[in-house]
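> Final position of the first sequence in my numbering is 728; the numbers increase by one with none missing. Just passing along the structure, written as structure tokens.
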Amino acid sequence: MINESSLSRELNEPQLAAVTTIDGPVLVIAGAGSGKTRTLVYRVAHLINSGVAPESILLLTFTRKAAQEMLWRAGRLINDSCSRVTGGTFHSVANMLLRRYGSALGFAPSFTIIDRADAEGIVNLLKSSLQLTANRKQFPSKRVIVNMLSGSVNKARPLSDLIYEDYAHLSEYAEEIVRLQQHYQSFKVDHGLMDYDDLLVNWRRLLAEVPAVREEIAERYRYLMVDEYQDTNPIQADIVRLAAYRHDNVMVVGDDSQSIYSFRGADFYNIMRFPEIFPGTRIVKLEQNYRSTQPILTLTNDIIRNAVEKYTKTLYTRIEGTRRPQLYAARDEKAEADFVVGRINELRREGVALHDMAVLFRSGFHSFKLELELGSHGIAFEKRGGLKLTESAHMKDVLAVLRLLVNPFDTLSWNRLLLTIDKLGPKTAQKITAILAASSEPVAALAAYPGGKGWQEGVNRLVQLFTRLLEHEPVPAALCDIVLDWYQPVFERLYADDYPKRQKDLEQLRTIIASYDDLQRFIDDTALDPPEADLQAYHEDSEALVLSTIHSAKGLEWQVVFIIGLADGRFPHASAFPGEQWEEERRLLYVAATRARQRLYLSYPRELMGADRRFNRVSMSPFLAELSPASYERIEPLPPGGDWLAVRPMPSTAAAAVKPVRKKKLALEDFSLGCRVNHPFFGTGTVRKLNAPRSLDVAFDRHGLKTLHLDYATLNLVDG
DNA sequence: ATCGCCACCGTTTTT
DNA sequence: CGGTGGCGAT
């Protein structure tokens, strides 16, 4: 039981107002680090405490992990597991409801959720079958097309309008793209596939078009809470409105300055409109920051002060601290990485744990150089927003089989499996899948398909696999074993060079599957919330530095935060042009900087490698340039007394001094199999293979097998 | 006509 | 790393 006095000790005045409001719409406008999560947690606890049934609460958060975490905390507060509260993302809740009520809209509950890669696969298939590329060279890439299709759904605008406004440079292809969209839609319907956008669109349809279901849902979930409301799109706003049409018990929490997802349709005007849509809304503002020290807050307020936005709020804090954020202008990316590594080592000596520090950046590849440096210094790190376990090729092969068990008309998976067969290529695979999709019994149709010379055997094995699976009891773990049994030889042939490494992933998959007793649930979960590739990520106590894109760092905080790559052209992203996109990039920087509790380091390289391996000088990000110089401290390129200079490995300044003493380039003939070499980054290694004309494979003692090009790598022979 | 292999290029952000 | 395009082999 929460008692009222502990409540008022923990929460401030405005939070208390939000928490204890039992009925009616509430809008909480909250700054970064102001205790949004805490407010929601207490609200859940308070509701249950006052006799509201947990089943009637629906908590929508940005990630599924956030929902779990909140419910766990609320459970601790009131001595109840809160496990009967429904919590998750819009997408996962949509999935649950559509499985239950989807028949009212006329679709089978066996649909498969597809991710971005699947969507790109479909677009590719259609692109070639519609012959859209016949006479065109510059037809937009499938990634761009998927973005456009999704954007048009999320922004609730016809595709052709979107093309002429947001993608004007592609307008000459408008007709083809619209045609592609139509085919894409019917392809999904025909094959029982549903993408992320469909989940939301169909949830809204369910509420808008089927009164009985709307009634049932509104009756059941009498309390609705939405976190990160600034990241919802118009569809999601509609869903909230429709789902609460009976009771209006909605509490949304958001910060307009942290809206960073407009590229996928999020519209922070949802926050401004909320009071109009729900008349009688109580508005609560949280302006006290519980996270960062004043100097950090001064800087972040300064960042957002330059926004053209109208809704200004200035955060204040009571947390002591005098250390100003530091700005470091590095000579190049290597020097920037050295700076970060040096500071990290220093901080560790002062007693800061590695997992209390994070490095944030705009785009995934901005951290490549740093990853290399961290590796050679033996600093463990964990990259967020990188490749997920289920995104690697071998994982998808296994998942394709499991997906077909649930939805035999999933053409994408058939296609994928057929391609694993030797001597069977894209053309044949397409021919076969077309027949399978049209038949009522795909497996039987596959067995009956007249085989070709080289690949009949492979098809037979596939048919056998499915016969075995269908005979077996549908216990996920057992099914998985059968699949792995079939997959082993395929896998060893396909990934001959590095299959031992990938095998570990498969074992991990096996353990994950074992914890499920329903195959459908497993498939849904992997599509909606892919497990991380790192085993370490599962252990809270893992001692690893976090590297993350800013987008993936949303809602998190660390004691020490580095933001790297703050150069013109990197941040804001080169293709963001002034206007709303520019503003979003600024908010992105704001989000990044507000992740820091105690210390904040900003850095940028003054030299970057451009398109064709030429170095260009770049200046600092315009967002930094417009800040008041008093809000940060500049560090000179060579800080005095920094003993991290001593730990610095062989400086690549050899390149600067190299002009007069240029060493003779070694030719391939100078190396032989098995000879020992030295490399400035990777250290010593043994030559394993010589490739024509100027590259060779070297097995490094500390970094494994690498292929190097003599034109770029500076290798030296090691004597003895 | 189709498949497999090699070399090269470019990389926003994501539920 | 993943997608693509050219080329030789089947």
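Backbone N, C-alpha and C define an ideal beta-carbon position, used for all residues, glycine too.
Nearest-angstrom Cα distance between A535 and V197?
Taking the first sequence and counting its residues from 1, one reaches residue 535 at position 527. Taking the first sequence and counting its residues from 1, one reaches residue 197 at position 189. Answer to the nearest angstrom: the Cα atoms are 18 Å apart.
> Less than 8 Å between the beta carbons of A251 and L215, yes or no?
Within the first sequence, the letter at position 243 stands for residue 251. Within the first sequence, the letter at position 207 stands for residue 215. Cβ atoms of A251 and L215: closer than 8 Å.
> Taking C-alpha atoms, which residue in I243, V27, F499 lies nearest to F276?
Against the first sequence, residue 276 aligns to sequence position 268. For F276, the nearest C-alpha among the options comes from I243.
> Residues in the same chain with beta-carbon distance under 8 Å from P434, minus the five sequence neighbours each way, listed in chain order, please.
Counting from 1 along the first sequence, the entry for residue 434 is found at position 426. Excluding sequence neighbours, P434 sits near L427.
> Around the Cβ of C488, are there at least 16 other Cβ atoms within 10 angstroms (buried) or fewer (exposed)?
Looking up residue 488 in the first sequence gives position 480. The residue is buried, with at least 16 neighbouring Cβ atoms inside 10 Å.
> With DSSP collapsed to three states, give me the class of R326.
Position 318 of the first sequence holds residue 326. Three-state result, R326: coil.
> Ignore the nearest five residues each way along the sequence and tell me which others in L323's own chain have a CB closer than 8 Å to its CB.
On the first sequence, position 315 is the one that residue 323 refers to. Here the set comprises G39, A40, G41, S42, E295, Q296, N297, L305, T308, N309.
> Given this structure, state the Cα-to-Cα distance separating G624 from A176, to the nearest angstrom.
Sequence index remark: in the first sequence, residue 624 carries index 616 (1-based). Sequence index remark: in the first sequence, residue 176 carries index 168 (1-based). In the sequence as displayed, the identity of residue 624 is Asn instead of Gly. Rounded to whole angstroms, N624 to A176 spans 29 Å at the Cα level.
> Does DSSP put W2 in a helix, a strand or coil?
Since the first residue shown for the chain is 9 and the last is 728, residue 2 is missing from the structure and cannot be characterised.
> Throw me the rounded Cβ distance for the M259 and R46 pair, which I believe falls under 8 Å.
On the first sequence, position 251 is the one that residue 259 refers to. On the first sequence, position 38 is the one that residue 46 refers to. So it is not a contact: roughly 14 Å between Cβ atoms.
> Looking at A388 and F502, is the spacing between their C-beta atoms short of 8 Å?
Numbered from its first residue, the first sequence carries residue 502 at position 494. Numbered from its first residue, the first sequence carries residue 388 at position 380. Correcting the residue identity first, residue 502 is Leu in this sequence and not Phe. Contact flag unset, no.
> Can you check which of these residues, A633, G563, T94, E588, is closest to V316 by C-alpha distance?
If you number the first sequence from 1, residue 316 lands on position 308. Ranking the options by Cα distance to V316, first place goes to E588.
> What's the C-alpha gap between A25 and R529?
The sequence position of residue 25 within the first sequence is 17, counting from 1. The sequence position of residue 529 within the first sequence is 521, counting from 1. Going from the Cα of A25 to the Cα of R529 covers about 39 Å.
> Rounded to a whole number of angstroms, what is the C-alpha to C-alpha distance between Q464 and A485?
As a working mapping, residue 464 is identified with position 456 in the first sequence. As a working mapping, residue 485 is identified with position 477 in the first sequence. Cα to Cα, Q464 sits roughly 29 Å from A485.
> Go through the region 338–425 residue by residue and report every complete run of the beta strand (DSSP E) that reaches 3 residues or more, in order.
Correct list: 365–369, 389–392.
> Since E641 is in the alpha helix (DSSP H), which residue starts that stretch and which ends it?
By one-based count along the first sequence, residue 641 stands at place 633. Careful: E641 lies outside any alpha helix (DSSP H), inside the beta strand (DSSP E) at 641–643.
> Could you tell me the alpha carbon to alpha carbon distance between G459 and R81, rounded to whole angstroms?
For this step, residue 459 is matched to residue 451 along the first sequence. For this step, residue 81 is matched to residue 73 along the first sequence. Distance between the alpha carbons of G459 and R81 is about 58 Å.
> Only counting the same chain, and skipping five residues up and downstream in sequence, which positions put a Cβ closer than 6 Å to that of A112?
Working through the first sequence from its first residue, we reach residue 112 at position 104. Once the five neighbours on either side are set aside, the close Cβ partners of A112 are V218, V221.
> Do I572 and V367 come within 8 Å of each other at the CB atom, strictly closer than that value?
One-based indexing of the first sequence puts residue 367 at position 359. One-based indexing of the first sequence puts residue 572 at position 564. Result yes, Cβ atoms of V367 and I572 sit closer than 8 Å.
> So, with DSSP's three-state summary, where would you put Y457?
In the first sequence, counting from the first residue as 1, residue 457 sits at position 449. Correct three-state label for Y457: coil.
> Quick one: grab the DSSP three-state call for L564.
Residue mapping note: residue 564 aligns to position 556 of the first sequence, counting from 1. Residue state, collapsed to three classes: coil.
> Only counting the same chain, and skipping five residues up and downstream in sequence, which positions put a Cβ closer than 7 Å to that of V209?
Here the question's residue 209 lines up with position 201 in the first sequence. V161, I243.
> Rounded to the nearest angstrom, what separates T519 and E77 at their Cα positions?
The count along the first sequence starts at 1 and reaches residue 519 at position 511. The count along the first sequence starts at 1 and reaches residue 77 at position 69. So the alpha carbons of these two residues sit roughly 23 Å apart.
> Going along the chain, which unbroken runs of the alpha helix (DSSP H) with 4 or more residues stay wholly within the region 559–603?
Whole alpha helix (DSSP H) segments, 4+ residues: 588–601.
> Where does S100 land, buried or exposed, given buried means 16+ other C-beta within 10 angstroms?
Position 92 of the first sequence holds residue 100. Per the 10 Å Cβ criterion, buried.
> So, with DSSP's three-state summary, where would you put N686?
The residue given as residue 686 occupies position 678 in the first sequence. Of the three classes helix, strand and coil, the one that applies to N686 here is strand, per DSSP.
> Check A274 in the structure and name its three-state DSSP category.
Indexing the first sequence from 1 puts residue 274 at position 266. Coil, per DSSP.
> Determine whether the beta carbon atoms of E641 and Q302 lie at a separation below 8 Å.
Position 633 of the first sequence, counted from the start, is the residue given in the question as residue 641. Position 294 of the first sequence, counted from the start, is the residue given in the question as residue 302. No, the pair does not count as a contact, with Cβ atoms beyond the cut-off.
> For Y293 and Q238, what's the separation of their Cα atoms in angstroms?
Within the first sequence, residue 293 is the residue found at index 285, counting from 1. Within the first sequence, residue 238 is the residue found at index 230, counting from 1. Reading off the sequence shown, one finds Lys at residue 293, where the question assumed Tyr. Spanning the two alpha carbons is a distance of roughly 15 Å.
> Can you find the residues in the same chain that come closer than 8 Å, C-beta to C-beta, to Q23, ignoring five residues on each side of it along the sequence?
Translated into the one-based positions of the first sequence, residue 23 becomes position 15. Around Q23: G43, R46, T47, Y50, V292, L294.
> Is it right to say E328 is buried, meaning 16 or more other beta carbons lie within 10 angstroms of its own, or is it exposed?
In the first sequence, the residue the question calls residue 328 occupies position 320. E328 should be labelled exposed.
> Within its chain, find whatever has a CB closer than 8 Å to the CB of M233; leave out the 5 residues flanking it on each side and keep chain order.
For the purposes of this step, residue 233 is taken as residue 225 along the first sequence, with counting starting at 1. For M233, where only same-chain residues beyond five positions count, the Cβ hits under 8 Å are L48, R51, V52, I65, L66, L67, L68, V258, M259, V260, V261.
> Where does the unbroken beta strand (DSSP E) through N468 begin, and where does it stop?
For the purposes of this step, residue 468 is taken as residue 460 along the first sequence, with counting starting at 1. Here N468 belongs to no beta strand (DSSP E); instead the alpha helix (DSSP H) covers 464–479.
> Where DSSP assigns a beta bridge to I291, which residues make up the other side?
Mapped onto the first sequence, residue 291 falls at position 283. I291 is bridged to L35.
> Provide the residue(s) that pair with T557 in DSSP beta bridges, ordered along the chain.
As a position in the first sequence, residue 557 is number 549, starting the count at 1. Bridge partners of T557: F369.
> Return the residue from the list G110, A446, E341 that minimises the CA-CA distance to E615.
Numbered from 1 along the first sequence, position 607 holds the residue referred to as residue 615. Ranking the options by Cα distance to E615, first place goes to E341.
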